[in-house]
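This report concerns only the one structure given below.
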Ligand SMILES: NC(=O)c1ccc[n+]([C@@H]2O[C@H](COP(=O)([O-])OP(=O)(O)OC[C@H]3O[C@@H](n4cnc5c(N)ncnc54)[C@H](O)[C@@H]3O)[C@@H](O)[C@H]2O)c1
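Residue numbers (the working numbering): 46 to 307.
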């Protein structure tokens, strides 16, 4: 599916990361992969990636550091690096933005969450536009739920994901004429490092357990990774500005099974 494609994967932190599952799936699908890692995670990411394929190059890059991003992009361009696609698997919010009273978060909490979880999508879109080949490229990002509803937790990250959805549509609008597609996957809850940073995350996994018509395994990111590969591939060449749920059917159900008469 990705034979001959050159894909950039961001957001690998641990073996459980959605980006790590996507790395595995993309390599299986025939892609050449390059990865970036938050500079402070670099050693751990090298361990994770080298156990999968030691040939994958990993560059330290913080996508909120504008100078570092432009230097990295310039260097790749001068080496003749061409990208056919990229996975955006980047999110962060301080604890104050994730739990407790929604109005209890500080401006700094919210700014940091939006900058990391939304603005970096636009940054990566620009990078991809600059390094794309003549046949365009595909950008894939990760949403949660996309149901347009308030959860008992998640708070400002819900706001970030709503902003991410709109950002993806505007990226699709502006880069579509140059063959660059922008799509999101709304993934069900997965036990990753980011998830462990969300207080009372088990409320979400419990809701999935009680609602999805199909089994949902929060330890298996491979169903999300497979759809990411599809969106990165030419099979999805006419899909842009779209959002695909990979959530075991959660979003299609009106009620949890516990509330349904047996
Ligand atoms: N885990 C879930 O339940 C779930 C569900 C739906 C969507 N998502 C989304 O999936 C994406 C990946 O998260 P994950 O769950 O795999 O967790 P993760 O912790 O494995 O990955 C998050 C990544 O973001 C990176 N990151 C944070 N700030 C960065 C910056 N400034 N520059 C570059 N990288 C930065 C971290 O280094 C980390 O690799 C996120 O967008 C997350 O919101 C997760």
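The C-beta atom is built at its ideal place from N, Cα and C for all residues, glycine as well.
Straight-line Cα distance separating residue 274 from residue 67: 7 Å
For the alpha helix (DSSP H) containing residue 226, list its first residue and its last residue. Residue 226 -> not in any alpha helix (DSSP H); beta strand (DSSP E) instead, spanning 225 to 232.
Just to confirm, are residue 170 and residue 220 a CB contact at a threshold of 8 Å? yes
For residue 156 and residue 136, what's the separation of their Cα atoms in angstroms? So the two alpha carbons sit approximately 13 Å from each other.
Going by DSSP, which residues form a beta bridge with residue 77? Bridge partners of residue 77 according to DSSP: 51.
With distances taken from CA atoms, which of 239, 254, 80 and 276 is nearest residue 185? 276
With 16 other CB atoms within 10 Å as the buried threshold, where does residue 177 fall? buried
Taking residue 207 as the reference, which of 217, 231, 226 and 224 has the closest Cα? 231
Under a Cβ-count criterion, where at least 16 other Cβ atoms within 10 Å of its own Cβ denotes burial, should residue 100 be classed as buried or exposed? exposed
So residue 253 and residue 234 are supposed to be a Cβ contact under 8 Å. How far apart are they, rounded? About 6 Å separates the two Cβ atoms, so the contact holds.
Contacts around residue 79, its chain only, beta-carbon distance under 6 Å, and the 5 residues preceding and following it disregarded: 53 and 102
Do the segment 194 to 207 and the segment 123 to 132 touch if we need at least three Cβ pairs shorter than 8 Å? These segments do not touch.
In terms of residue numbering, what span does the alpha helix (DSSP H) encompassing residue 98 cover? Element bounds for residue 98: n/a, residue is neither H nor E.
Pull up the CB-CB distance for residue 198 and residue 139, whole angstroms please, since I reckon it's below 8 Å. Not really, about 14 Å apart at Cβ, beyond 8 Å.
How many angstroms separate the CA atom of residue 70 from the CA atom of residue 181? In this structure, the alpha-carbon of residue 70 lies about 21 Å from that of residue 181.
Quick one: Cα of residue 310 to Cα of residue 211, how far? With the chain represented from 46 up to 307, any question about residue 310 goes unanswered, as that position is not in the structure.
Can you name the residues that DSSP bridges to residue 182? 225
Cβ-heavy atom distance between residue 62 and ligand 1 below 7 Å? yes
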